[in-house]
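Just so we're aligned, residue 1 is where the sequence shown starts under UniProt numbering, counting upward by one. In this text, a Cβ means the ideal position worked out from N, Cα and C, and glycines have one as well. Small disclaimer: the values here were computed from a predicted structure and weren't measured. Only one structure is covered here, and it is reproduced in the block below.
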Amino acid sequence: MRKAIYLGLVHSPVYNKRGDIVCTSVTNFDIHDISRTCRTYDVNQYHIIVSVDAQKKLTERIIGYWQEGFGTGYNRDREEAFGRTRVYESIEKSISEIEEREGKRPLIITTSAKIFPNSISYKNLSEKMINDDQPYLILFGTGWGLIDEVMNMSDYILEPIRGNAEYNHLSVRSAVSIILDRLLGEN
């Protein structure tokens with residue numbers, strides 16, 4: 001039976017279009033939409049990983065509005081979705097939190113629009129998740145993707161989403177929805 005699935009949206013460290021390592025901006029859409037998607041697929045927690053203190057505080061304020069402010073009575077569904085959303089300043093802090101909660105280090109799954117020679121299929125990863133009591137952390141990159149060091153620290157790299165055209169530049173929100181459905185959906 002599936003144990004514990006965590007999702008991390010990495011804003012830093014990621015690449016920009018020039019290949020520089022940067023911190024991207026947190027967007028309100030990513031906070032709302034991914035929180036709701038994670039709740040729909042029963043993900044244990046959604047970790048927003050951002051190193052810039054001002055962005056971290058703003059993100060916490062938005063989440064707080066739906067957890068403690070006016071939003072809590074205005075939209076109970078949103079309150080429930082945000083109840084599993086956390087903000088961390090680094091991937092390492094996210095991993096440490098999961099390890100403390102679960103009693104063991106999670107397997108790290110990275111995602112990319114690029115093909116890697118050691119990619120794992122959705123079917124194989126889904127079967128592992130169902131038949132394994134190991135916690136998992138699925139990392140999604142913003143900007144132009146996760147940096148090489150993060151990709152290299154992963155236990156598995158998930159195969160990219162492929163449409164039927166050469167164009168492959170989905171929003172991270174779309175990618176999260178598609179991937180969670182393929183891994184955790186009814187099939």
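Residues in its own chain within less than 6 Å of Pro106 by CB, not counting five upstream and five downstream? Ile98, Pro135, Tyr136 and Leu137.
Note the first and the last residue of the continuous beta strand (DSSP E) segment covering Arg86. Thr85 to Tyr88 is the extent of the beta strand (DSSP E) around Arg86.
Can you give, in chain order, each stretch of the alpha helix (DSSP H) that sits fully within the segment 28-94 and has at least 4 residues? Annotation note: the segment 28-94 contains the following uninterrupted alpha helix (DSSP H) runs of length 4 or greater, listed N- to C-terminal: 28-40, 53-67, 71-74 and 76-82.
DSSP on Leu107, reduced to helix/strand/coil? Leu107: strand per DSSP, three-state reduction.
Bridge-paired residues (DSSP) for Ile157: DSSP lists Thr110 and Ser119 as partners of Ile157.
In this structure, what does DSSP give as the bridge partners for Ser14? Per the sequence presented here, residue 14 reads as Val, with Ser not at that position. DSSP, once it has assigned bridges, lists Val22 and Leu146 as partnering Val14.
Measuring only the C-alpha atoms, how far is residue 190 from Asp155? The structure shown has nothing for residue 190, since the chain only spans 1 to 187.
Less than 7 Å between the beta carbons of Thr24 and Gly143, yes or no? In this structure, Thr24 sits near Gly143, with a CB-CB distance shorter than 7 Å.
Between Ile161 and Arg61, what straight-line distance do the alpha-carbon atoms span, to the nearest angstrom? Near 33 Å, if we compare the C-alpha coordinates of Arg61 and Ile161.
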